[in-house]
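To start, the structure under review is shown below, and the notes come after it.
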Amino acid sequence: MALNCGIVGLPNVGKSTIFSALTSAPAEAANYPFCTIDPNVGIVNVPDSRLDYLAKVFQPKKVIPAAVEFVDIAGLVKGASSGEGLGNQFLSHIREVGMIAHVVRCFDNPDIVHVNNRIDPEGDIGTINVELALADLETLDKRIEKLKRNVKVMGKDSQKESANMLSACEKIRPLLQEGKGARFAQLTDDEKSSVYDLHLITMKPVIYVCNLDEDGIKNGNPYLDTVKKIAASEGTQVVPICGKFEAEIADLDSYEEKLAFLEEIGLEESGLAALSRVAYDQLGLRTFFTAGADECRAWTIHKGDTAPKAAGVIHTDFERGFIKAEVYSFDDLKEYGSEQAIKAAGKYRQEGKEYIVQDGDVIFFKFNV
3 MALNCGIVGL PNVGKSTIFS ALTSAPAEAA NYPFCTIDPN VGIVNVPDSR
53 LDYLAKVFQP KKVIPAAVEF VDIAGLVKGA SSGEGLGNQF LSHIREVGMI
103 AHVVRCFDNP DIVHVNNRID PEGDIGTINV ELALADLETL DKRIEKLKRN
153 VKVMGKDSQK ESANMLSACE KIRPLLQEGK GARFAQLTDD EKSSVYDLHL
203 ITMKPVIYVC NLDEDGIKNG NPYLDTVKKI AASEGTQVVP ICGKFEAEIA
253 DLDSYEEKLA FLEEIGLEES GLAALSRVAY DQLGLRTFFT AGADECRAWT
303 IHKGDTAPKA AGVIHTDFER GFIKAEVYSF DDLKEYGSEQ AIKAAGKYRQ
353 EGKEYIVQDG DVIFFKFNV
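In the working numbering, the protein residues as written are 3 to 371.
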């Protein structure tokens, strides 16, 4: 299960630079708007210190981390919802991702052009939010018109589904008209299900990625404070990133070298690690591990998944023929040092079909097909 995350923002805020640093994949970056037209896609391994520790304990032949798919989408401008700056094409790319990483420029540099000729994180965020809301409003109005036209000839089941959708639309529409996201509408589960197929852009989870210079990433600045305030009001999170530092980290080979570099510059984790962690949290994703002499691997599941569901991520046969799961927590491995010591301490458990897999579980599945 790969996390699919679209990188969006105004032109020249550093989206492609950050994409290249995170994915170590070359994305065209230049000092003019609309440098990126077709989206660049990169698959990135998710840094996880727990997997690194498991590899030290088990010394496996292979280590396979979880993966994140980043999609670098071209810069949006005011009027994108009506086609300005190739807006329609760019908006269609955003509809295809699972969540949005909204990159906001939070540094001063007169040599790098800003599309509005000023550094204004609040205004930049507002521009993007309004354009996405207007695009969703057009989608919503088309569906409302169609529903009202067809409701008289629908069967009872279809009428019930349509009633849920109309109710949801009536809650969402005023928000979109104010330039706010559909995700802030107070919808019932049935209403959420009814509008799922509309693929509303503003229904997607959003995190703000603040593109900072070297001083800003170490000490912060008023631009970052502004974005944090906006994020807090929306109930989401902020990830500060310095593209230069991320590029340098990506060039280092070993985990130890990366840790040493981060310690030297006074950071606890890389921007990629922070972005991956926050994105997982926003999407309600969790990680469990399988570990042994052949392979140590991180697997991605949804919060609340049962043991058979988690087994099915590995192979459908594991879910179909699930017998039990032998489980211990990563924290127990850190405390006791080995599986044998975990068993001796009574921390090695056998769980059945109803067990809810926890983040950081190390699992061995037994199945029969």
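C-beta: ideal position from N, C-alpha, C; glycine also.
Query                                                                                                                           : Result
D319 (DSSP reduced to helix, strand or coil)                                                                                    : helix
Spatial distance of K64 from I96 (CA atoms)                                                                                     : 34 Å
Proximity of V132 and G183 at Cβ, strictly below 7 Å                                                                            : no
The stretch 241-256 contacting the stretch 210-227, beta-carbon criterion three pairs below 8 Å                                 : yes
Range of the contiguous alpha helix (DSSP H) that encloses E216                                                                 : E216 to N221
Contacts around G306, its chain only, beta-carbon distance under 7 Å, and the 5 residues preceding and following it disregarded : I358
Cβ-based neighbour list, F186, same chain, cut-off 7 Å, excluding 5 preceding and 5 following                                   : L177
I251 classed as buried or exposed, judged by whether at least 16 other C-beta atoms fall within 10 angstroms                    : buried
Euclidean distance between Cα positions of A103 and G237                                                                        : 15 Å
Distance, K345 Cα to F36 Cα                                                                                                     : In this prediction, F36 scores a pLDDT of 36, lower than 50, which makes its location untrustworthy; the coordinate-derived value is nonetheless stated afterwards. Taking the straight line joining both Cα atoms gives about 58 Å.
I130 versus L12: straight-line alpha-carbon distance, rounded                                                                   : 7 Å
Three-state class that DSSP yields for A275 in the structure shown                                                              : helix
I243 (DSSP reduced to helix, strand or coil)                                                                                    : strand
For T190 and T308, the rounded distance between their alpha carbons                                                             : 24 Å
Simplified DSSP state of I232, which is helix, strand or coil                                                                   : helix
Straight-line gap, N111 to F263 (C-alpha atoms, nearest Å)                                                                      : 25 Å
Continuous alpha helix (DSSP H) stretch holding N47: start and end                                                              : Here N47 belongs to no alpha helix (DSSP H); instead the beta strand (DSSP E) covers N42 to N47.
N166 burial status per 10 Å Cβ neighbour count (16 or more: buried)                                                             : buried
Residue range of the alpha helix (DSSP H) that includes Y55                                                                     : S51 to F60
Proximal residues to E341 (C-beta, below 8 Å), its chain only, five neighbours per side dropped                                 : Y330, L335 and Y350
Euclidean distance between Cα positions of V43 and A275                                                                         : 18 Å
Inter-stretch contact at 8 Å, needing at least 3 Cβ pairs: the stretch 353-371 / the stretch 314-325                            : yes
Own chain residues within Cβ distance below 6 Å of Q61, not counting five before or after                                       : none
Host alpha helix (DSSP H) of N6 (start-end)                                                                                     : Careful: N6 lies outside any alpha helix (DSSP H), inside the beta strand (DSSP E) at L5 to V10.
Which listed residue (A23, Y55, S22 and I20) has its alpha carbon closest to that of F332                                       : Y55
Helix, strand or coil at Y350 [DSSP, three-state]                                                                               : coil
Span separating the alpha-carbon of P28 from that of S22                                                                        : Caution is warranted here: a pLDDT of 42 is assigned to P28, below 50, making its placement in the model unreliable, and the coordinate value is therefore given only provisionally. Near 5 Å, if we compare the C-alpha coordinates of S22 and P28.
V106 beta carbon less than 7 Å from that of P123                                                                                : yes
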